[in-house]
């Protein structure tokens, strides 16, 4: 069956931090072209965007995330300073619940699965029942950054550790197409820096710099500890991205979807949520390219 005649879709939304804002653009492009999303399987940011779409609040989320500034990002971080994670995540989740509502997965109009990882037992955990934002919080638990989530006598972290593009939950779907969005796509060439001024990327400080500015107001002892922790986080973040990209390639080769939409893993940093406009438009353009090639 060709993409032109197919209308119903199982949508698989991968993990990749702020690059996952591209999922918003992908969903809009699918809707624009007449596709009907009948199920969603998501991991990490894919679980978040997919869950909010299934709850019927994607436009509200888009408006909210487009308004986020660097200062807003820092204000949403409830620092935990625990050995198993820097951020508790309660402020982020509670803010999203206020925006979307405290829904259960069972009341969503389409089947939805969030994928997390039980690292101790080396197993994926598919969450398709219970409170929506409990599932999302478990799936987005980026190692070292967010604290793990207790779930049914297990501690769960980001599903991208084991399966950054979770296609398997859609295997029994009765849909025309499976479309997967991989946020760990091949690297794209970085824009050259202009000699008469810094590039847009240079003008925007790194996330570590943003956090450092916030930490400057804290006591010196905390500031020293924070600097060390963020250095470790930067290295871990790059390693996690590389690991996810490798696993995603293997998963996509083993279980190829009908259409794969790839976002370069260097499209933006994991925590650069202030680049929402750019990422949403990138999702739109990459979806257009992939859909046109499939016809």
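Numbering (this note's numbering), first residue to last: 2 to 296.
Where a beta carbon is used, it is the ideal one built from N, C-alpha and C, also for glycine.
Predicted, not measured: the structure shown is a model, and the values here were computed from it.
Taking a contact to mean a Cβ-Cβ separation below 9 Å, would you say residue i touches residue j in this structure?
{"i": "residue 31", "j": "residue 59", "result": "no"}
{"i": "residue 14", "j": "residue 50", "result": "yes"}
{"i": "residue 116", "j": "residue 48", "result": "yes"}
{"i": "residue 129", "j": "residue 113", "result": "yes"}
{"i": "residue 97", "j": "residue 284", "result": "no"}
{"i": "residue 265", "j": "residue 186", "result": "yes"}
{"i": "residue 148", "j": "residue 10", "result": "no"}
Look up residue i in the DSSP assignment and say whether it is helix, strand or coil.
{"i": "residue 100", "result": "helix"}
{"i": "residue 116", "result": "strand"}
{"i": "residue 141", "result": "coil"}
{"i": "residue 182", "result": "strand"}
{"i": "residue 17", "result": "coil"}
{"i": "residue 276", "result": "helix"}
{"i": "residue 53", "result": "helix"}
{"i": "residue 248", "result": "helix"}
{"i": "residue 160", "result": "helix"}
{"i": "residue 36", "result": "coil"}
{"i": "residue 132", "result": "strand"}
{"i": "residue 383", "result": "Nothing can be reported for residue 383: it is not among the residues displayed for the chain, which extend from 2 to 296."}
{"i": "residue 23", "result": "helix"}
{"i": "residue 270", "result": "coil"}
{"i": "residue 146", "result": "coil"}
{"i": "residue 92", "result": "helix"}
{"i": "residue 68", "result": "coil"}
{"i": "residue 199", "result": "The predicted model places residue 199 with a pLDDT of 49, which falls under 50 and marks its position as unreliable; any figure quoted below should be read in that light. The answer is coil: DSSP assigns residue 199 none of H, G, I, E or B."}
{"i": "residue 124", "result": "strand"}
Just to check my reading of the structure: residue i and residue j have Cβ atoms closer than 8 Å, yes? What is that Cβ distance to the nearest angstrom?
{"i": "residue 16", "j": "residue 45", "result": "3 Å"}
{"i": "residue 18", "j": "residue 253", "result": "Incorrect: roughly 19 Å between the Cβ atoms, too far for contact."}
{"i": "residue 261", "j": "residue 183", "result": "6 Å"}
{"i": "residue 143", "j": "residue 267", "result": "About 18 Å separates the two Cβ atoms, so there is no contact after all."}
{"i": "residue 55", "j": "residue 74", "result": "Not really, about 25 Å apart at Cβ, beyond 8 Å."}
Using the C-alpha atoms, what's the distance from residue j back to residue i?
{"i": "residue 141", "j": "residue 174", "result": "24 Å"}
{"i": "residue 137", "j": "residue 103", "result": "12 Å"}
{"i": "residue 68", "j": "residue 167", "result": "30 Å"}
{"i": "residue 163", "j": "residue 258", "result": "18 Å"}
{"i": "residue 53", "j": "residue 190", "result": "32 Å"}
{"i": "residue 43", "j": "residue 25", "result": "13 Å"}
{"i": "residue 134", "j": "residue 93", "result": "10 Å"}
{"i": "residue 100", "j": "residue 281", "result": "19 Å"}
{"i": "residue 118", "j": "residue 156", "result": "8 Å"}
{"i": "residue 251", "j": "residue 165", "result": "10 Å"}
{"i": "residue 305", "j": "residue 27", "result": "The first residue shown for the chain is 2 and the last is 296, placing residue 305 beyond what the model contains."}
{"i": "residue 160", "j": "residue 269", "result": "20 Å"}
{"i": "residue 20", "j": "residue 120", "result": "24 Å"}
{"i": "residue 274", "j": "residue 146", "result": "15 Å"}
{"i": "residue 70", "j": "residue 105", "result": "30 Å"}
{"i": "residue 229", "j": "residue 72", "result": "No answer about residue 229 holds up, because its pLDDT of 46 lies below 50 and its placement is not dependable."}
{"i": "residue 132", "j": "residue 126", "result": "15 Å"}
{"i": "residue 170", "j": "residue 276", "result": "30 Å"}
{"i": "residue 29", "j": "residue 286", "result": "11 Å"}
Taking one C-beta from the region 32 to 39 and one from the region 237 to 246 each time, how about it: are there three or more such pairs within less than 8 Å? no
Decide yes or no for the touch test of the region 52 to 65 against the region 146 to 163: beta carbon pairs closer than 8 Å, at least 3 of them. no
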